[in-house]
Amino acid sequence: MLREDIIIDIFSGWRSFLRKCLFRVLRVGPIPSHIAVIMDGNRRYAKKKKIDDMTGYDAGALALLHLIIYCMELGVKYVTAYAFSIDNFRRHPEEVQKIMDLTMESVMLLTWMSKLRLVRVHFAGNLQLLSADIQDAAKRLMESTAGYKNFVLTICICYTCSDEILHAVEESCKEKWDDGIGIMGYDEANDYERLIKVVDIEKHMYMAIAPDPDILIRTGGEYRLSNFLVWQSSCCHLSSLGTVWPEFGVFHLVWVVLDFQQNYRYVAKKKLQL
Ligand SMILES: CC(C)=CCC/C(C)=C/CC/C(C)=C/COP(=O)(O)OP(=O)(O)O
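Convert by adding 136 to the 1-based position in the sequence shown; the result is the number in our numbering.
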């Protein structure tokens, strides 16, 4: 389903030309550096179109591919997508398998695309929960693209932010113990001192590769974060759209960025106060 000719098609033609003109106007204002998405509404889309749920996920994966290319054209440097939460393992096995198959297809397609456009691909989450073949393919892709700097795509898979924090705390404790520092102590004035700092935790987060998102989009008309980038989104612009994810297109992106630009001064001021 996810094929190279689709990417070539999105990058070229008169639609791409019109998009670039539109994006040039949008770039008069501030452009977000990092956009994160919760791709909700794939099954509802399938129901609406009277197709089976699995085809709804295919359409969702295609919409993600479009978003990545639009963001590259617009000058957004980081895109992060919530592809599969740890809680999603409770879904019907056929659905779980479908998303895993799409992940494998995406790895193959992104291997080709990353070389062409110097895209760094990162998988964030508890990757040990993936099957051995997907783990290997994902690790190989991450290693082979680690040096690319044009654009960074993070796919959150087997991810929840609680698991990410737990992992980061464990890694920080391990590091302190290994360095012989311990995790609690007293400073020179004999006051209790925290030896694990926020920077230690942040260093070990799965998302340490990217700055905090500037915009977090959720489609499907929901207003929840569903355990996605909770740590990272304290100052980010939240955008909930009624549209189902496979129908998310260039005009939705433009609308979201315009909305971000309108609120930019306020959010930038808040960030400075942190
Ligand atoms: C690269 C890669 C692996 C892409 C994954 C493709 C993709 C669109 C994944 C979405 C996963 C997911 C559980 C979405 C929730 O929508 P839902 O279908 O549960 O929404 P609904 O039931 O509310 O309609």
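Cβ atoms here follow ideal geometry from the backbone N, Cα and C, with glycine treated the same way.
Predicted model only: the values in this text are computed from it and were never measured.
Hey, how far is the Cα of residue i from the Cα of residue j?
i    : j    : result
E231 : L408 : 43 Å
C294 : S148 : 34 Å
Q397 : P166 : 6 Å
V129 : D350 : Outside the displayed span of the chain (137 to 410) sits residue 129, for which this structure offers no information.
D314 : I345 : 23 Å
I105 : D269 : Coverage of the chain is limited to positions 137 through 410, which leaves residue 105 absent and any answer about it impossible.
L302 : E329 : 21 Å
L377 : D188 : 23 Å
G211 : G316 : 44 Å
F153 : L201 : 18 Å
S362 : I222 : 11 Å
W150 : K310 : 54 Å
V388 : G356 : The residue you asked about is not Val; residue 388 is His in the sequence shown. Roughly 13 Å separates the two Cα atoms.
V335 : T296 : 20 Å
Out of the options, point me to the one whose CA is closest to residue i's CA.
i    : options                   : result
F259 : W248, C371, F220 and I143 : F220
K213 : V335, G316, T239 and V255 : V255
R401 : L266, P168 and Q271       : P168
G196 : L263, F287, Q264 and R180 : R180
A172 : A274, R354, V403 and D336 : R354
Leaving out the 5 sequence neighbours to the left and right, which residues in its chain are closer than 7 Å to residue i when beta-carbon positions are compared?
i    : result
T191 : A182
Q368 : M343, D348 and P349
Can you list, in chain order, the residues of its chain whose CB lies under 6 Å from that of residue i, leaving out five sequence neighbours each side?
i    : result
H340 : A304, E307 and S308
E140 : W248
Spatial neighbours of residue i within its chain, please: C-beta separation below 8 Å, excluding the five flanking residues on both sides.
i    : result
Y284 : S250, L254, V255 and R256
P382 : G177, N178, Y181, G192, A195, G196, L198 and A199
Please decide whether residue i counts as near chain B, where near means a Cβ-Cβ distance under 8 Å.
i    : result
I142 : Reference to chain B is not applicable here, since this structure consists of a single protein chain.
Can we say the stretch 192-212 touches the stretch 269-279, given the rule of at least three CB pairs closer than 8 Å? No contact exists between the stretch 192-212 and the stretch 269-279.
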